[in-house]
Amino acid sequence: MINQELLTPQSIVVIGGSNNVHKPGGSIVRNLISGGYAGELRIVNPKEDEVQGIKAFHDARELPPTELAILVVAAKFCPDYVELLAKEKQTRAFIIISAGFGEETKAGAELEQRILDTCEQYGAALIGPNCIGLLNRNHHSVFTLPIPNLHPSGADFISGSGATAVFILESAVIKGLRFNSVWSIGNGKQIGIEDVLQYMDEHFNPDTDSKVKLLYIENISNPDKLLYHAGNLIKKGCRIAAIKAGSSESGSRAASSHTGAIASSDSAVEALFRKAGIVRCFSREELTTVGCIFTLPPLNGKNFAIVTHAGGPGVMLTDALSKGGLSVPHIEGPVADELKTQLFAGSSVANPIDFLATGTAEQLGTIIDYCDKKFDGIDAIAVIYGTPGLTQLYEAYGVLDQKIKECKKPIFPVLPSLHTAGAEVAEFLAKGHVNFSDEVTLATALSQIMHTPKPAPPEVHLYGTDIPRLHKIITGIEKNGYVPPQTVRDILSCAGIPLVPEMVSTFKEELTAFAEKVGFPVVAKVVGPVHKSDVGGVALNIRTAEHLALEFDRMMQIPDATGVMVQKMLRGTELFIGAKYEERFGHVVLCGLGGIFVEVLKDVSSGLAPLSYAETYSMIHSLRGYKILKGTRGQKGINEEKYAEIIVRLSTLLRFATEIKEIDINPLLADENDVVAVDARIYIDKD
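Here's what the structure looks like:
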């Protein structure tokens with residue numbers, strides 16, 4: 000429950016405010032005063048008559064009605080204060096800085112529940128407990144530093160950890176990233192990250208609200224809520240980036256299948272972020288760099304011009320952009336020759352455009368003008384400009400400031416001299432700009448943004464999936480566990496997934512007749528053991544009936560063998576599709592290169608069922624082995640459209656079959672014409 004008393008209180012009381020600014024109770028008063036809080040600020044401290052120039056109340060019962068209370072006292076006192084203030088002082092918002100609640104002990108959890116019950120009874124908002132507070136342009140109710148530059152167009156930052164929020168702010172401030180609000184939710188007893196996003200979504204004003212949201216998440220308590228409101232905000236023009244910490248393997252049923260070995264809670268997070276359109280980050284530096292990029296005009300295209308007076312950083316940025324799927328195109332021709340005449344001898348305009356350490360501020364402006372107005376096929380400009388300490392950079396950064404304001408294309412300033420040109424960089428940032436001091440970090444962040452798809456549409460398309468037949472098949476399954484091969488085929492056929500011709504039997508003669516019908520060569524596989532290759536249960540390229548008979552006899556002697564499967568032998572690139580049901584998230588669908596190396600390489604992408612085609616192509620393109628799928632070293636690529644279609648169809652089927660807890664299709668064999676499922680396993684749990 001987020002209300003106006005929390006966001007724009009006309010009166011605030013700090014319970015436990017003090018004169019010692021080195022403790023939370025004193026520092027939060029200091030921040031409120033220095034932040035220019037315009038309402039009535041009150042302090043409760045039984046031992047002080049005056050706190051930082053403000054008359055103190057010795058007892059909370061002496062207070063007049065007060066809208067927001069900030070509690071900085073021992074946990075054991077907090078429930079009584081909340082009850083008193085809510086009941087007698089009409090306080091309808093609470094920020095509890097204090098620790099010692101549910102994050103520590105069972106007794107602390109009971110105190111926390113008492114506070115929540117009181118807030119719910121009186122319709123009061125609750126931030127915390129165990130947080131650093133709330134910071135916005137109305138009141139600086141945090142006890143920490145730094146206080147970033149606050150601006151309506153700055154980022155809204157929501158963090159599940161107070162200490163981490165401080166460290167992220169430290170990273171942001173030196174880049175010039177401004178903020179609109181900072182939310183530290185602490186234990187999130189009433190208001191969690193999902194609730195803040197919900198409020199921002201439901202009250203979003205495109206003319207006045209920030210369009211940049213940064214998240215640090217330690218626990219996703221309601222994936223559907225996060226998905227819905229984050230996706231909505233992005234569709235309304237916002238851009239969201241997030242770190243999800245603590246994503247570890249969720250070894251529920253260990254590695255009984257490839258999917259079981261690979262899928263983890265991290266796969267679910269990756270899938271959720273992909274579906275919502277959230278840019279996933281993995282460090283504080285990456286999050287704040289993405290946040291800075293979000294404040295610039297959108298990048299429409301992937302071709303960069305790099306302007307630098309230092310060759311090495313230009314080369315490193317070129318390498319990093321190319322590695323991330325962006326481009327630094329070669330520049331040549333009459334216009335390039337014309338620019339070269341305006342630079343010092345020895346300058347290069349081929350891109351990177353290196354105008355030497357002796358290049359002037361005027362030349363910098365000329366180069367940017369050429370990149371913006373005269374060179375074709377340039378979508379963005381990166382300017383790398385520092386100093387060895389021999390000259391001041393005020394003039395050059397003044398030109399850069401002017402060109403950023405005038406240029407139609409986004410300009411990414413890379414100003415690395417934070418020490419030798421600290422004053423010049425500070426003046427540049429004070430004009431409302433951001434700085435990317437490391438070119439490779441910038442390129443990595445740009446790549447993450449470029450590869451993040453737009454939010455998936457909420458509509459579910461059936462794509463021809465036979466839902467009634469699917470439910471009939473699953474209803475007929477009598478016990479939990481891996482289902483027989485024919486049932487696997489029946490289930491996959493409901494989604495129209497192409498399957499290789501096969502027969503399972505315990506009779507040698509039947510299998511021989513089938514092989515002769517479909518034509519040799521064929522493949523024989525043991526039925527029963529889960530990992531067939533590990534027990535010698537796969538024989539390839541069987542070309543005669545006699546060879547098939549020998550393999551049949553051998554495989555039937557393998558422990559747990561219940562039969563032999565014979566398939567028409569196909570050739571092609573081996574692919575993998577899997578899915579695992581994750582509580583609260585639904586089915587996490589995986590795709591990647593297949594065969595016996597899928598668990599070793601773990602080159603897989605994940606998405607959340609049901610998948611759109613845009614999500615699916617994003618998954619396929621993000622694979623490290625994607626170049627293999629496109630075709631390499633003279634080999635033809637696979638039919639990417641068919642592969643995407645099978646993934647989409649499978650994800651649609653899973654949307655209507657929560658009883659399927661795990662599925663492997665490994666391998667699928669793909670060539671330039673078709674993609675066919677060769678082997679599959681499905682684990683059913685109807686409980």
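Numbering follows numbering that gives the first Met the number 0, with no gaps: position 271 of the sequence shown is 270. The C-beta atom is built at its ideal place from N, Cα and C for all residues, glycine as well.
Where DSSP assigns a beta bridge to residue i, which residues make up the other side?
{"i": "residue 662", "result": "578, 681"}
{"i": "residue 566", "result": "501, 522"}
{"i": "residue 383", "result": "307, 413"}
{"i": "residue 39", "result": "10"}
{"i": "residue 219", "result": "Residue 219 pairs with nothing; no bridge assigned."}
{"i": "residue 76", "result": "In the DSSP output, where bridge partners are listed per residue, residue 76 has none listed."}
{"i": "residue 152", "result": "BP columns for residue 152 are empty, so no partner."}
{"i": "residue 538", "result": "523"}
{"i": "residue 93", "result": "68, 125"}
{"i": "residue 747", "result": "This structure cannot settle anything about residue 747, because the visible part of the chain is limited to 0 through 686."}
{"i": "residue 727", "result": "Residue 727 cannot be examined here, being either before or after the span of the chain that is shown, 0 to 686."}
{"i": "residue 240", "result": "213, 278"}
{"i": "residue 178", "result": "154"}
{"i": "residue 353", "result": "307, 347"}
{"i": "residue 56", "result": "43"}
{"i": "residue 302", "result": "326"}
Expressed to the nearest angstrom, what Euclidean distance is found between the alpha-carbon atoms of residue i and residue j?
{"i": "residue 571", "j": "residue 171", "result": "49 Å"}
{"i": "residue 667", "j": "residue 575", "result": "6 Å"}
{"i": "residue 347", "j": "residue 660", "result": "59 Å"}
{"i": "residue 158", "j": "residue 179", "result": "14 Å"}
{"i": "residue 97", "j": "residue 188", "result": "13 Å"}
{"i": "residue 164", "j": "residue 591", "result": "35 Å"}
{"i": "residue 143", "j": "residue 113", "result": "27 Å"}
{"i": "residue 317", "j": "residue 562", "result": "57 Å"}
{"i": "residue 5", "j": "residue 31", "result": "14 Å"}
{"i": "residue 225", "j": "residue 244", "result": "16 Å"}
{"i": "residue 313", "j": "residue 307", "result": "6 Å"}
{"i": "residue 235", "j": "residue 109", "result": "40 Å"}
{"i": "residue 250", "j": "residue 472", "result": "Note that residue 250 has pLDDT 38, beneath the 50 cutoff, so the model's placement of it is unreliable and the number below is only indicative. Roughly 29 Å between the two C-alpha positions."}
{"i": "residue 409", "j": "residue 378", "result": "8 Å"}
{"i": "residue 583", "j": "residue 218", "result": "12 Å"}
{"i": "residue 642", "j": "residue 443", "result": "28 Å"}
{"i": "residue 319", "j": "residue 381", "result": "13 Å"}
By the 10 Å Cβ neighbour count, where 16 or more other Cβ atoms means buried, how is residue i classified, buried or exposed?
{"i": "residue 145", "result": "exposed"}
{"i": "residue 585", "result": "buried"}
{"i": "residue 413", "result": "buried"}
{"i": "residue 288", "result": "buried"}
{"i": "residue 601", "result": "exposed"}
{"i": "residue 177", "result": "buried"}
{"i": "residue 415", "result": "buried"}
{"i": "residue 542", "result": "exposed"}
{"i": "residue 181", "result": "buried"}
{"i": "residue 10", "result": "buried"}
{"i": "residue 160", "result": "buried"}
{"i": "residue 467", "result": "exposed"}
{"i": "residue 566", "result": "buried"}
Within a Cβ cutoff of 6 Å, which residues of the same chain sit near residue i, ignoring the five residues on either side of it in sequence?
{"i": "residue 242", "result": "215, 280, 286"}
{"i": "residue 117", "result": "81, 82, 85"}
{"i": "residue 45", "result": "57"}
{"i": "residue 278", "result": "240, 289, 447, 448, 451"}
{"i": "residue 269", "result": "605"}
If distances are taken between C-alpha atoms only, which option among the options comes closest to residue i?
{"i": "residue 340", "options": "365, 318, 322", "result": "365"}
{"i": "residue 68", "options": "567, 435, 16, 383", "result": "16"}
{"i": "residue 272", "options": "538, 610, 528", "result": "610"}
{"i": "residue 689", "options": "90, 503, 129, 556", "result": "Absent from the model: residue 689. The displayed extent of the chain is 0 to 686, so no value can be given."}
{"i": "residue 619", "options": "640, 527, 686, 408", "result": "640"}
{"i": "residue 120", "options": "550, 373, 686, 90", "result": "90"}
{"i": "residue 192", "options": "208, 205, 213, 207", "result": "213"}
{"i": "residue 418", "options": "511, 625, 436", "result": "436"}
{"i": "residue 302", "options": "333, 2, 371", "result": "371"}
{"i": "residue 424", "options": "438, 400, 439, 442", "result": "400"}
{"i": "residue 169", "options": "147, 184, 185", "result": "147"}
{"i": "residue 598", "options": "530, 283, 296", "result": "530"}
{"i": "residue 156", "options": "138, 134, 139", "result": "134"}
{"i": "residue 665", "options": "594, 633, 236, 402", "result": "594"}
{"i": "residue 528", "options": "480, 491, 512, 497", "result": "480"}
Cutting at 8 Å between CB atoms, please list the residues of its own chain near residue i, excluding the five before and the five after it.
{"i": "residue 487", "result": "679, 680, 681"}
{"i": "residue 115", "result": "125, 188, 189"}
Within its chain, find whatever has a CB closer than 7 Å to the CB of residue i; leave out the 5 residues flanking it on each side and keep chain order.
{"i": "residue 433", "result": "174, 175, 176, 291, 294"}
{"i": "residue 482", "result": "476, 681, 683"}
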